[in-house]
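To start, the structure itself, in structure tokens.
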Amino acid sequence: GAGVSQSPSNKVTEKGKDVELRCDPISGHTALYWYRQSLGQGLEFLIYFQGNSAPDKSGLPSDRFSAERTGGSVSTLTIQRTQQEDSAVYLCASSLRGGTAYEQFFGPGTRLTVL
Amino acid sequence: QKEVEQNSGPLSVPEGAIASLNCTYSDRGSQSFFWYRQYSGKSPELIMSIYSNGDKEDGRFTAQLNKASQYVSLLIRDSQPSDSATYLCAATGRDNYGQNFVFGPGTRLSVLP
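Put into structure tokens, the structure is as follows:
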């Protein structure tokens, strides 16, 4: 079946512009996660959705970052007034349920470059 | 602060050898453990999950869990050059918050032909 999809695959933007990154999880998966991975670094947790609600937003690095999920499916991560330090690969993952026993499956990521 | 630690590597093994990747975690309440493989420029791909003490085998891969020692390992038998990648260990805690799914920094494995 179809896996997690993300768009765009690459995004180049100028400092100060807003960007929107999209994630389409595996059908039927209720939990959705956003991570960020800078070059050569590990995964940095950003936010977790269970259905449409986000019980854990603790990883969002600043108030320039926000995310929403509608219809228990597609999620959008928005970065306002982008800065050069926002350049990274943004990864989305989904799992059948939230909670500790469920495996996460990753999308291909969006590579964001802020000039 | 929950942590998962791994040697960053690179771990170099000759083709056909056994590669042993290790991971320790700080939260004694962690319940579930996962190994992911990440090729350069690609996203992580799930290899194995393990939930109880002991060994779990899947093809050339064996995951080992020792909760008393807070230690997880991944063995790759008959290593192939195509196994060259970064291997991420992840552990989860006792509640259902996303941040409890904690990833280690990864170990870079290089299998030499």
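Protein chains in written order, with this note's numbering: chain A, 1 to 115; chain B, 116 to 228. The beta carbon of each residue, even a glycine, is placed where N, CA and C say it ideally should be.
Cα separation between residue i and residue j?
i	j	result
B/Pro125	A/Leu39	16 Å
A/Ser58	A/Ile79	16 Å
B/Gln185	A/Val19	41 Å
A/Gly109	B/Phe148	23 Å
B/Leu224	B/Val187	17 Å
B/Cys138	A/Tyr48	24 Å
A/Lys17	A/Ser62	16 Å
B/Gly131	B/Ser194	5 Å
Quick check on the DSSP output: the beta strand (DSSP E) that includes residue i runs from which residue to which?
i	result
A/Ser7	5-7
B/Leu227	222-227
A/Glu20	19-24
A/Arg111	110-114
B/Gly169	169-173
A/Lys11	10-13
B/Glu160	160-165
B/Pro129	126-129
Is there a C-beta anywhere in chain B that falls below 9 Å from the one on residue i?
i	result
A/Phe104	Checking the sequence shown, residue 104 of chain A turns out to be Gln, not Phe. At least one chain B Cβ lies under 9 Å of A/Gln104.
A/Phe65	no
A/Leu112	no
A/Gly109	yes
A/Leu91	yes
On a CA-only basis, which of the options is nearest residue i? Give me that one, please.
i	options	result
B/Thr177	B/Ser184, B/Pro196, B/Gln185, B/Tyr151	B/Tyr151
A/Phe105	A/Gln41, A/Ala93, A/Val114, A/Arg97	A/Ala93
A/Arg69	A/Trp34, A/Thr82, A/Tyr102	A/Trp34
Would you say residue i reaches chain A, if we count a Cβ-Cβ gap shorter than 9 Å as a contact?
i	result
B/Ala205	yes
B/Tyr140	no
B/Tyr151	yes
B/Val226	no
B/Pro220	yes
B/Phe216	yes
At a CB distance below 8 Å, what residues from the segment 153-164 of chain B approach chain A? Give them in sequence order. Listed by position along the chain: Lys157, Ser158, Pro159, Glu160, Leu161, Ser164.
What are the residues of the segment 65-81 of chain A that lie near chain B, defined by any Cβ-Cβ distance shorter than 7 Å? Within the segment 65-81 of chain A, no residue has a Cβ that lies closer than 7 Å to any Cβ of chain B.
Check distances from the C-beta atoms of the segment 31-43 of chain A to those of chain B and list, in chain order, the residues that come in under 7 Å. Those residues of the segment 31-43 of chain A that come within reach of chain B (Cβ to Cβ, closer than 7 Å) are Tyr33, Gly42, Leu43.
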